[in-house]
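Residue numbers (the working numbering): 15 to 486.
The structure appears right after this line, and notes come after that.
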Ligand SMILES: [Zn+2]
């Protein structure tokens, strides 16, 4: 354990899911042949007039409301000047003095609140491609609306940072303002990191730019923690600078001395009118915010007795959660536990990637899944039969009732009590062993019951009935 405390603040860039760019009508869609989604406005030609995309401002307000920010009634765009080939205007239209959202926070699973400083709206830059000793530039991304979520230095470890980003991603996807795909660059972050002795003032920080995966964020923080503690241990001083991250080596490297905001010569953007957000607009946008993952997970643990882990998994993806809610409502018994078990054990094994879960389109509708849950909950089929039925429904597209009758799982209800009594009578030595304290001996009797009922007896009930009979 290092004697230093790690202090981390993240600046997270999130591309907004608008149809068009921030100041022109060009498509904001990811990809496409280079330089096809461009026009004089986003290429910064002389004499053009930008106009703010209303949807982008609304999405920023929605994000801010979901994160508990205050929404500024009036905010302004500013120009941030710097020269780089991916920025044809030589300034980025951003917000500096008066951003749309102020304050707010992200609550980690242990209850700590990671405060936000503000959220501002800005345009993305183009993309540079380095090929065969030449540098090419694609302006398709130039002018795509980007939200920057600026966090306070409240994070204390790589694990905190990863959890914070994951929660942020879940919230943004749930409210529908971004797909937050790190691999496509629609979510990326800059890490500000410094070390200090516990209780001391903040140390001098380094900023690691443009991390585009959870693994990179974690590795960069771990590498930087070690690099800075080596410097401090040797009596040196950490330089304030901007660093890059090499995903190949897992190391950070110096890029340039850190610039201050003065260096960017921010000034108010004269071509764009102020962004005015009325209380009526805030009320209308608040009404569009669905139940957020944290609240949903709490409801699942309370109402259905799910474990925190299971509840978090189900509420992480909006479509998964909506499917689950719909199936439970449809099942008429309202039992979330068996629906959760079947979804997490069976469906999640078939729909396994993040992207697929995000899309969530299983071949079984929520209504039909609910019918299966109802059958399982009424005791007509037991847990392992439910799994078989689910798999058959998945492959055949048939309903639960059809599959149950095809597999011969229907018929008269099983008399668990008499089956258990007969099983004990037929297995006297196992029964005696169990009574003598060998709890494993019960398995043989359970197995007998399951075989006799051809797998139809509900395992939980068999278990409790046997224990009751054997202790009489
Ligand atoms: Zn354009």
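Where a beta carbon is used, it is the ideal one built from N, C-alpha and C, also for glycine.
Expressed to the nearest angstrom, what Euclidean distance is found between the alpha-carbon atoms of residue i and residue j?
i, j, result
"residue 287", "residue 338", "44 Å"
"residue 290", "residue 362", "44 Å"
"residue 453", "residue 303", "52 Å"
"residue 140", "residue 75", "25 Å"
"residue 216", "residue 252", "12 Å"
"residue 142", "residue 161", "21 Å"
"residue 60", "residue 144", "28 Å"
"residue 447", "residue 436", "17 Å"
"residue 165", "residue 128", "7 Å"
"residue 478", "residue 351", "19 Å"
"residue 17", "residue 336", "46 Å"
"residue 344", "residue 387", "9 Å"
"residue 98", "residue 104", "7 Å"
"residue 42", "residue 235", "32 Å"
"residue 382", "residue 413", "6 Å"
"residue 417", "residue 398", "14 Å"
"residue 402", "residue 366", "19 Å"
"residue 342", "residue 391", "11 Å"
"residue 330", "residue 316", "17 Å"
Return the residue from the list the options that minimises the CA-CA distance to residue i.
i, options, result
"residue 191", "309, 299, 419 and 340", "299"
"residue 491", "421, 456 and 194", "Residue 491 lies beyond the residue range present for the chain, which begins at 15 and ends at 486; the question has no answer from this structure."
"residue 131", "120, 462, 106 and 415", "120"
"residue 57", "261, 155 and 318", "155"
"residue 123", "344, 405, 440 and 327", "327"
"residue 340", "296, 322 and 379", "379"
"residue 293", "40, 85 and 451", "85"
"residue 484", "473, 184, 431 and 317", "431"
"residue 255", "269, 242 and 262", "269"
"residue 125", "389, 309 and 317", "309"
"residue 229", "473, 417, 173 and 418", "173"
"residue 68", "32, 44 and 54", "32"
"residue 208", "55, 442, 312 and 257", "257"
"residue 276", "116, 80 and 94", "94"
State yes or no: is the C-beta of residue i within less than 8 Å of the C-beta of residue j?
i, j, result
"residue 266", "residue 238", "yes"
"residue 355", "residue 470", "no"
"residue 219", "residue 19", "no"
"residue 133", "residue 83", "yes"
"residue 332", "residue 187", "yes"
"residue 168", "residue 25", "no"
"residue 408", "residue 465", "no"
"residue 70", "residue 101", "no"
"residue 137", "residue 106", "yes"
"residue 445", "residue 462", "no"
"residue 200", "residue 29", "yes"
"residue 423", "residue 467", "no"
Where does the unbroken beta strand (DSSP E) through residue i begin, and where does it stop?
i, result
"residue 106", "105 to 108"
"residue 141", "141 to 145"
"residue 226", "That residue, residue 226, is in no beta strand (DSSP E); it is neither H nor E in DSSP."
"residue 149", "148 to 152"
"residue 267", "265 to 271"
"residue 92", "92 to 95"
"residue 315", "Note, residue 315: premise wrong, no beta strand (DSSP E); alpha helix (DSSP H) at 307 to 318."
"residue 260", "255 to 260"
"residue 206", "201 to 210"
"residue 350", "Not the beta strand (DSSP E): residue 350 falls in the alpha helix (DSSP H), residues 350 to 356."
Could you spell out the range, first to last residue, of the alpha helix (DSSP H) harbouring residue i?
i, result
"residue 401", "397 to 410"
"residue 75", "68 to 80"
"residue 295", "293 to 300"
"residue 338", "332 to 344"
"residue 481", "473 to 484"
Counting C-beta neighbours from all protein chains within 10 Å, is the total for residue i 16 or more, i.e. buried, or is it exposed?
i, result
"residue 96", "exposed"
"residue 88", "exposed"
"residue 281", "exposed"
"residue 202", "buried"
"residue 92", "buried"
"residue 63", "exposed"
"residue 72", "buried"
"residue 324", "buried"
Examine chain D for any beta-carbon lying closer than 8 Å to the beta-carbon of residue i, and answer yes or no.
i, result
"residue 155", "Within the model displayed, chain D is absent; a lone protein chain is all it includes."
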